[in-house]
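Q: Got a structure for you, written out below as structure tokens; questions coming shortly.
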Amino acid sequence: MIKFILVQNRQGKTRLSKWYVPYDDDEKLRLRGEVHRLIAPRDQKYQSNFVEFRNDKIVYRRYAGLFFCVCVDSNDNELAYLEAIHLFVEVLDAFFQNVCELDLVFSFYKVYAILDEVFLAGEIEETSKQVVLDRLDYLEKLE
Amino acid sequence: MATSMRGLTQYISDIRACRVRELEEKRINREMAHIRQKFKDGSLDGYQKKKYLAKVVFTYILGYKVDVGHMEAVNLISSTRYTEKQIGYLALTLLMHENSDLVRLVINSIRKDLDDNNEIYNCLALHAIANLGGKEMAEALGEEVYRLMISHTSTTFVKKKAALTLLRLYRKHPTVLSTAEWAERIISMMSDPDPGVALTITSLVTTLAQDNLEAYSSCYRKAVDRLDRIIFDADYPPQYVYYKVPNPWLQIRLLRLLQYYPPPDNQQVLDMLNGILQAIIDMSQDSPRNIQHNNAQNSVLFEAINLAIHLDPDSSVVSNASVLLGRFILAKETNVRYLGLDAMAHLAACSNTLEPVKKHQDTIILSLKDRDISVRRRALDLLYSMCDTTNAKVVVGELVKYLAVADYNLREEMVLKIAILTERFATEYEWYVDTILQLISAAGDHVGAEVWYRVVQLVTNNEDLQAYAAAAVYQHLQATACHENMIRIGGYILGEFGHLIANEPGCSPVKQFQALHSKVNYCTAPTRALLLTTYLKWVNLFPEIKDHLINIFERYTHVLDAELQQRACEYLALAQRPESDDLLSTICDEMPVFPERESALISRLHAKSGKVQEKRTWVIGGKEENKEREAERFRQFRKVSTPASADAAPSIEKKLPIPSLPPQPPIPIPQKTLTMDTTMGTTSNGVAEDIMSSLADLDLSGNGWQDEPLLINEAPTAEALPQTNGGDAVVHATLGGVDPALLAPLTVAPNIEKWLERLTYATEGILYEDSSIQIGIKAEYHSHLGRIALFLGNKLSAPFTHLSASIENPEPTALDAHFHGMPIGDIQPLAQVQELIHVECKDVFNQQPVLRVVYRTGEEGPKGQKVLVLRLPVVLSRFVEGVTLEKEAFFERWKIIGGPPREAQLIFPIKLTSSGEVDLARQTRVMSGNKFSLLSGIDPNVSNLVLAGVLHMSSGGKVGILGRLEPNKDAKLCRLTIRSTNEQVSAEILRLSSKPLNADLAAS
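Here the protein sequences come in this chain order: A and L.
When we follow our numbering, the leftmost residue of the first sequence carries the number 247, and every step to the right adds one.
When we follow our numbering, the leftmost residue of the second sequence carries the number 66, and every step to the right adds one.
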């Protein structure tokens, strides 16, 4: 299962964090720092998208200046989560029409709502981009 | 969804505009004060509350502590507007954690939203529970969530979210929910036409089933069917195709679920699965250009390979896959290399043969130098798994070489793995010692204390090793800089065994002393203490350097460290006693042999892997480790399923049992040996073997009596048999409908006794053979546990059907014997199947368990039914392990035990060899086959045998056994005396070990 999802920029500012395991605030702060230091220096071209982290592993992918990281159990299927990240990014991109870092900042409450449609309770919830986008359209029209 | 709030946007822009942290804090404090004031005034409308709360949440996300807004969040979730509710719930889930006091306040609001007719509200409430999910929520709302999930009126969104919410609640508080009762209902939802629902339900089932394999067993068939429909019938809505791959996540979930169950017994299901897996592999032969497409395709492929390995690592599907893997580990994409190595490690960890993996050894070793640490780790894991006696030197050599340049956080793990491999696959003592010492000098700080303790244990327990080890460690101490661990080993080994090399050139006592003492300044206090002890031992061994040593003790009587000072004073007093006094030599007597125990290294290694949410389907390491883990995982499942199968739901269990093992190549039955004979143990005598084999929990290399022919006599004639076994069965069959198989008495045939008797002191051989069937046995025992492999071979040209086997155990409290899996199935013509029996000795037992095999040959009617009832060669002496004792220790114990009743004695006639001599070879074979160590140099008469061993029982404890066998050539008699601390044991061991030699009783 997913322990947490972090979206950070290259400077290490966290743009989205979702925790599926109850860490306390100090621990969360520590984790953000550790993950950034682990992921940011890794080579895009010659290194894989997976790296061991404590007893788990982090599957991550970089989009422009943002790192999307999910921390999963050490025996989870790496590629499944790598593509789940991509699915999520595609949903964000379609929803915000060319998503950029600022969308995540200014519309943070929407991003959380989108996240809850794709991932829930540390598992992948919906895998069809179309189904998620239709749902978001519907919610967007509600008052 | 909440439409934009201008105040919020402004606030965010303001904060972003702050150039320094102080300004940002100021702005935030101002805003928070403002909000606090507003909240205090009350009389805010919904929009305002929403806006302020959003600001609070944003502030929190930035990493500031916030202390307002909790009550407003609670209020806002009762709003009737979706946008306000949404912000309320968001604040709730972000600002509170599961143990917050406020959670109690919101349970009722959440319940109201769960019950609401508006599915949007249901979803928001489910999000909240899934995100917070404390115990109180689980108790108060668990049932409600379940009800929503199974309700026909719920939308697919509600069902999906409810399923994952339940999963979350279960993971946190497994006991709160009645998951076993819900099993059938939940499993039926796996066939939901909506792939989203199917995915989430499958995730839920995967977790629930791990703790409750039996109740959820019918999910197996459902999962296979769904996969079949996706792969072969293209049964999925088009919007679930992800870059041309049909719903990869659902496929992966289903493939993963199947790995938590043992391979199916039903051949049809197995065929179906193999078809699916082969199809997935066939579809993955090309790598698509599009990266998403490629990843999605490979994600399914790797999961399929994992399942195929789990089902049967030797199947053709796996061998097809391993060709692909060989390509993957050479791939240009790092991800693919990483995953290829990972899958190969899985294969190596489970497979019976390492050959397919070893083909790639050079590539794998090269991967240790990959640019990515993640890949390097996988290569390390794989090398660890694929190591065996044939490549140990190369692999370990490469690892040691790599250790010097390896990443710091990898080194400790590497050291452990190297130490384990060296211990496990060493074929020469010298190599073991050299490698470990090299390891310690190369990796220093990363070598845990366990590693050097282990070396000391090994060297102490192996006489052959001592002089070599002393010389080797002395050599290492010559270096100008030594790691402290090396000094400790040096101190211990030279203290104990330094005298063995004292006459070698350059190794004189003084030199040894200088080598150690020149390092003392760099050592910590515990090491100095150890060295002081070494010096005391030398006072005893090397009187010529006594003055130096006393000098040092005197100096240490003034040190500050209390422990060191005390030692120094005591040692000084001991060293200065007069020459005639033997107190010192008594104290400095050789250290006793270490008791055999499991290597601490392996448990250390596995402890490192820690806890994961989902159980691992396999671990890095050898086949044995994985087999045991699997047995542990499935034990409950099989146990329950056997009696329950009759009234179980229409699950796969109920289908006709068909063997899960594929037919193996035809008879001849037992291969000669179970493991390689080159392991350290077998090159040396019995004792060394025991010690070495207990080292790393490795397989006991069955030291099969290779000089003896496996088949002593020809099989009994074909005519003799039907009358004995088949005939009996027919008679009993008429007795009023009782299953004749249950009534059949012990099968009688000419050689049965002989075969059985031989097996009481040999590890492998024939248990039974007639014109149609051959049953071979191969056994290995390790302290109180044993494993017996039964090889059932069909000699006919027609298959055996309806084969079943069971074990009757007359003394279940003292002995446990059960099949590893469900020993039922068919045997193809001229094929053989293997079944595994686990035995555990709990207490003293006298009766052997009985094996009952029932099967049908091709013949029609009662004649076709065959029943075999055979005693299994499981006897008390199998659980003995030999020990070595010195002369004094032996006699001391012999005396302590004393005469009858704890002594048992028997005088019996023996057969002499054709030349009229005592058949010493055979006596030796029988006695050491009864697992005793034969001690030399104790009895002056060389034809007498002196025996020692320890009987291991899990609840009865350990019983030491001593014995003496005295043959008399002229009288053609032999006297066997057994002394042990338990009179029952003495009597039983006497009976067992004398029988094969007793000319009156022996069957052969």
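Glycine included, C-beta positions come from ideal geometry on N, C-alpha and C.
If you're wondering where the values come from, they're calculated on a predicted model, not measured in any experiment.
Among residues of its own chain, excluding the 5 on either side of Ile-554/L, which ones have a beta-carbon nearer than 8 Å to its beta-carbon?
A: Leu-502, Ile-505, Trp-517, Val-520, Val-521, Val-538, listed in sequence order.
Q: May I have the straight-line CA-CA distance separating Leu-581/L from Glu-528/L, to the nearest angstrom?
A: Whole-angstrom Cα-Cα distance: 23 Å.
Q: If you draw a straight line from the alpha carbon of Ser-998/L to that of Leu-1027/L, how long is it in whole angstroms?
A: The alpha-carbon atoms of Ser-998/L and Leu-1027/L are separated by roughly 10 Å.
Q: Name, going along the chain, the residues of the segment 328-345 of chain A whose beta-carbon falls closer than 8 Å to a beta-carbon of chain L.
A: The segment 328-345 of chain A vs chain L, Cβ under 8 Å: Leu-328, Glu-329, Ala-330, His-332, Leu-333.
Q: Skipping 5 residues on each side, what residues in its chain have a beta carbon closer than 6 Å to that of Ala-203/L?
A: Here the set comprises Leu-234, His-238, Val-241.
Q: Please report the Cβ distance between Val-898/L and Leu-857/L, rounded to the nearest whole angstrom; I am assuming they are in contact, meaning their Cβ atoms lie under 8 Å.
A: That belief holds up - the Cβ atoms of Val-898/L and Leu-857/L are roughly 5 Å apart, short of 8 Å.
Q: Assign Val-470/L to buried or exposed, taking buried as 16 or more other Cβ atoms, counted over all protein chains shown, within 10 Å of its Cβ.
A: So Val-470/L ends up on the exposed side.
Q: Given His-511/L, which residues of its chain have a CB within under 6 Å of its CB, disregarding the five upstream and five downstream residues?
A: Closer than 6 Å at the Cβ level, and outside the excluded window around His-511/L, lie Arg-476, Glu-477, Val-480.
Q: For chain A, check one thing: does any of its Cβ atoms lie closer than 8 Å to the Cβ of Asn-363/L?
A: So yes, Asn-363/L belongs to the interface.
Q: Which residues, in chain order, does the segment 311-324 of chain A contribute to contact with chain L at a C-beta distance below 7 Å?
A: Residues Asp-319, Ser-320, Asn-321, Asn-323, Glu-324.
Q: Tell me whether Met-136/L is buried or exposed, calling it buried when 16 or more other Cβ atoms sit within 10 Å of its Cβ.
A: By the 10 Å Cβ count, Met-136/L comes out exposed.
Q: Please report how far the alpha carbon of Gly-1022/L lies from the alpha carbon of Asp-881/L, in whole angstroms.
A: Rounded to whole angstroms, Gly-1022/L to Asp-881/L spans 15 Å at the Cα level.
Q: Go ahead and label Glu-834/L buried or exposed: buried means 16 or more other beta carbons lie within 10 angstroms of its beta carbon, across all protein chains shown.
A: Buried.
Q: With distances taken Cα to Cα, identify the nearest neighbour of Ile-972/L among Lys-960/L, Leu-1066/L, Ala-190/L.
A: If we check each option's Cα against that of Ile-972/L, Leu-1066/L comes out closest.
Q: What three-state label does DSSP hand Gln-1049/L in the structure shown?
A: In the structure shown, Gln-1049/L sits in a helix (DSSP, three-state: H, G or I).
Q: Which residues in chain A sit within 9 Å of Asn-400/L, going by Cβ to Cβ distance?
A: Within chain A, the residues near Asn-400/L are Ser-294, Asn-295, Phe-296, Glu-324, Leu-325, Leu-328.
Q: Between the Cα of Thr-622/L and those of Lys-611/L, Ile-610/L, Ala-638/L, Phe-607/L, spot the shortest distance and give me the residue it belongs to.
A: Nearest of Lys-611/L, Ile-610/L, Ala-638/L, Phe-607/L to Thr-622/L, Cα basis: Ala-638/L.
Q: Which chain L residues sit within Cβ distance under 7 Å of Phe-352/A?
A: Per Cβ cutoff of 7 Å: Thr-74, Ile-77.
Q: Strictly under 8 Å for the Cβ-Cβ distance: is Arg-381/A near chain L by that measure?
A: Yes - at least one Cβ of chain L is within 8 Å of the one on Arg-381/A.
Q: What residue range is occupied by the uninterrupted beta strand (DSSP E) comprising Ser-263/A?
A: Unbroken beta strand (DSSP E) run through Ser-263/A: 260-265.
Q: Helix, strand or coil: how does DSSP classify Ser-869/L here?
A: The answer is strand: DSSP assigns Ser-869/L an E or B state.
Q: Assign Gly-198/L to one of two classes, buried (16 or more other C-beta atoms within 10 Å of its C-beta) or exposed (fewer than that).
A: So Gly-198/L ends up on the buried side.
Q: If we call anything under 8 Å between Cβ atoms a contact, is Ser-450/L one with Glu-298/A?
A: Cβ atoms of Ser-450/L and Glu-298/A: not closer than 8 Å.
Q: Return yes when the Cβ of Met-1018/L is within less than 8 Å of the Cβ of Lys-907/L, no when it is not.
A: Against a cut-off of 8 Å, the Cβ pair of Met-1018/L and Lys-907/L comes out as a contact.
Q: Would the segment 295-306 of chain L count as touching the segment 349-369 of chain L if we require 3 or more Cβ pairs under 8 Å?
A: Result no; under three Cβ-Cβ pairs closer than 8 Å.
Q: Pull the bridge partners of Cys-315/A from the DSSP assignment, please.
A: Note: Cys-315/A sits in a beta bridge opposite Leu-252/A, Tyr-306/A.
Q: Would you kindly report the start and end of the unbroken alpha helix (DSSP H) that includes Leu-88/L?
A: Taken as a continuous stretch (DSSP letters only), the alpha helix (DSSP H) holding Leu-88/L covers 86-106.
Q: Please return the same chain residues whose Cβ sits closer than 7 Å to the Cβ of Val-498/L, not counting the five positions on each side in sequence.
A: For Val-498/L, where only same-chain residues beyond five positions count, the Cβ hits under 7 Å are Leu-530, Tyr-533, Ala-534, Ala-537.
Q: Exposed or buried, Gly-851/L, counting other C-beta atoms within 10 Å across all chains shown (16 or more means buried)?
A: With 16 or more Cβ atoms within 10 Å of its Cβ, Gly-851/L is classed as buried.
Q: Quick one: does Gln-357/L have its CB under 8 Å from some CB of chain A?
A: Yes - at least one Cβ of chain A is within 8 Å of the one on Gln-357/L.
Q: Report back the beta-carbon spacing between Tyr-292/A and Asp-437/L to the nearest angstrom; my notes put them in contact at under 8 Å.
A: The pair is a contact, with the Cβ atoms about 7 Å apart (cut-off 8 Å).
Q: Just mark Gln-631/L as buried or exposed, buried being the case when its beta carbon has 16 or more other beta carbons within 10 Å.
A: Gln-631/L comes out exposed.
Q: Give me the Cα-Cα distance between Phe-393/L and Val-401/L, rounded to the nearest whole angstrom.
A: Rounded to the nearest angstrom, the two C-alpha atoms are 6 Å apart.
Q: Can you list, in chain order, the residues of its chain whose CB lies under 6 Å from that of Arg-921/L, leaving out five sequence neighbours each side?
A: Here the set comprises Thr-866, His-867, Gly-929, Gln-930.
Q: Counting only Cβ pairs nearer than 8 Å, list the residues of chain A close to Gln-275/L.
A: Result: empty, since nearest Cβ-Cβ is about 12 Å, beyond 8 Å.
Q: Name, going along the chain, the residues of the segment 122-153 of chain L whose beta-carbon falls closer than 8 Å to a beta-carbon of chain A.
A: Those residues of the segment 122-153 of chain L that come within reach of chain A (Cβ to Cβ, closer than 8 Å) are Val-122, Phe-123, Ile-126, Gly-128, Lys-130, Arg-146, Tyr-147, Thr-148, Gln-151, Ile-152.
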